[in-house]
Amino acid sequence: MKKTVMMMLIVLLAATGAFASGQREAAAPAQQTITMRLAETHAQDYPTTRGNYHFAELVEERTNGRIKIEVYHSAQLGEERAAIEQVQFGAIDFTRVSISPLAAFSPGLDAMQMPFLYRDGAHMWNVLLGPIGDEMLASVEDAGFIGLAWYDSGARNFYNSVRPIRTVADMQGLRIRVQESRLMVGLVEALGAVATPMPFGEVYSALQTGVIDGAENNWPSYYSTSHYEVAQYFTLNGHTRVPEILVASKIAMDRLSPEDQQIIRQAARDSIDFQREQWEAFEKVSEDEIRAAGNQIVDGLTPENYQQFRARMQPLYDELSPAAAAMVERIQAVQ
Ligand code: GTR
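Just so we're aligned: the sequence shown equals residues 22 to 356 in this note's numbering.
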């Protein structure tokens, strides 16, 4: 008798268990939420980070909350190069980075960050939003990334704690931090300065302790990192415009249905305008704050000095592969 009761109990328990797990399985497809991670080097309120949040909101809305993208700002998941590596092997799902460090993985991107390449911001955006931009987004797939969208990053300029830069001669011997990018090392060396590649997050203390004399960046980065407090000379020389790019891990995207992949691609594109508005507003705020702080700003180079800077860049153009040189010509031809 006892045995029979025991047996019945076991059967009952097993059946309930099976029912419970059956229910879980049956319910799973409708409720399953997918949580993905996005790595961002900038602070929470920086324009690129705001673009990332907007992208995440669009994806969440369009999947009725099924796909959540958590934004890890302020390099919580590592500095740009490390984040890129992790995205490449699928440990992080997305990252928003400058194309400078990404070009180490996908060298074709270098053609898009050549010095004095774009006539102005409008020219760059006509390139990014046209067929070349699409081609370049698609090109990073070979390296394990899905290029999703371009974000704005203005123009980059030199700053340092030693002297105002007005001529190429003023660059001589300055130790200038650059991104982890072969092209940027070449650019700074071509101007007679000493290039020091270093992760973004280390630049403030390197400036403060005098390990480096200066760096180069746009108004918003110079401001939001507080570099302007430890390197007061800023020259609006605009040597490069380096697009920001939002990429997904190919491994992570391949795990999603084609419909979800499409939602993500479209949401990323739809976040561009928002990011550009944020960029424009924050570029003004940072410029105003820095000027108000009393930094020594050189408001552009004289035409003659500008030509000197440009002329020094010729070797970088001469070294381009035939494919990269052809891409540069196409970019230059865009109106
Ligand atoms: C900023 C860019 C960052 C990072 C940084 C740097 O302009 O938004 O992604 O690349 O420059 O200089 O490291």
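C-beta: ideal position from N, C-alpha, C; glycine also.
Does the Cβ of Asp294 have 16 or more other Cβ atoms within 10 Å, making it buried, or fewer, making it exposed? Its Cβ having fewer than 16 others within 10 Å, Asp294 is exposed.
Quick one: any contact between the stretch 336–343 and the stretch 191–200, if contact means 3 or more CB pairs under 8 Å? These segments do not touch.
Quick one: Cα of Glu81 to Cα of Ile186, how far? Taking the straight line from one Cα to the other gives about 47 Å.
For Glu301 and Glu61, the rounded distance between their alpha carbons: Looking at the two C-alpha atoms, the distance is approximately 19 Å.
Can you give me the C-alpha to C-alpha distance between Ala77 and Gly165, rounded to a whole angstrom? Taking the straight line from one Cα to the other gives about 21 Å.
Integer-rounded CB distance, given that Ser160 should sit under 8 Å from Ser127: Their Cβ separation, rounded to whole angstroms, is 6 Å, which keeps Ser127 and Ser160 in contact under 8 Å.
Cut-off 6 Å between Cβ atoms - residues of its own chain near Gln253, not counting five sequence neighbours on either side: Excluding residues within five positions, the ones whose Cβ falls inside 6 Å are Asn316 and Gln317.
Candidates Asp309, Ala269 and Pro279: which alpha carbon is nearest Ile105's? Minimum Cα distance to Ile105 is reached at Ala269.
The ligand GTR heavy atom lying under 7 Å from the CB of Gln97: Gln97: no, Cβ never under 7 Å from the ligand GTR.
Figure out for me which residue from Glu223, Gly111, Tyr67 and Val206 has the closest Cα to the Cα of Ala216. Residue Val206 is the option with its Cα nearest to Ala216.
Measure the C-alpha to C-alpha separation of Gln296 and Ala332 and round it to an integer number of angstroms. Going by the C-alpha atoms only, they are around 34 Å apart.
Quick one: what does DSSP say Tyr139 is sitting in, helix, strand or coil? Coil at Tyr139, not helix or strand.
Measuring alpha carbon to alpha carbon, tell me which of Arg58, Ala344, Asn178 and Leu195 ends up nearest Gly231. Taking only the C-alpha atoms, the option nearest Gly231 is Leu195.
Under a three-way DSSP split, which group does Ile186 fall into? Here Ile186 carries a coil assignment [DSSP, helix/strand/coil].
Let me know if Val306 comes out buried or exposed under the rule of 16 or more other beta-carbons within 10 Å of its beta-carbon. When all chains shown are included, Val306 counts as exposed.
Are Val314 and Tyr243 closer than 8 Å when you measure CB to CB? In the sequence as displayed, the identity of residue 314 is Ala instead of Val. The answer is no: Cβ separation not under 8 Å.
Grouping DSSP H, G and I as helix and E and B as strand, with all else coil, what is Arg276? DSSP, reduced to helix, strand and coil, places Arg276 outside both helices and strands of the structure shown, so it counts as coil.
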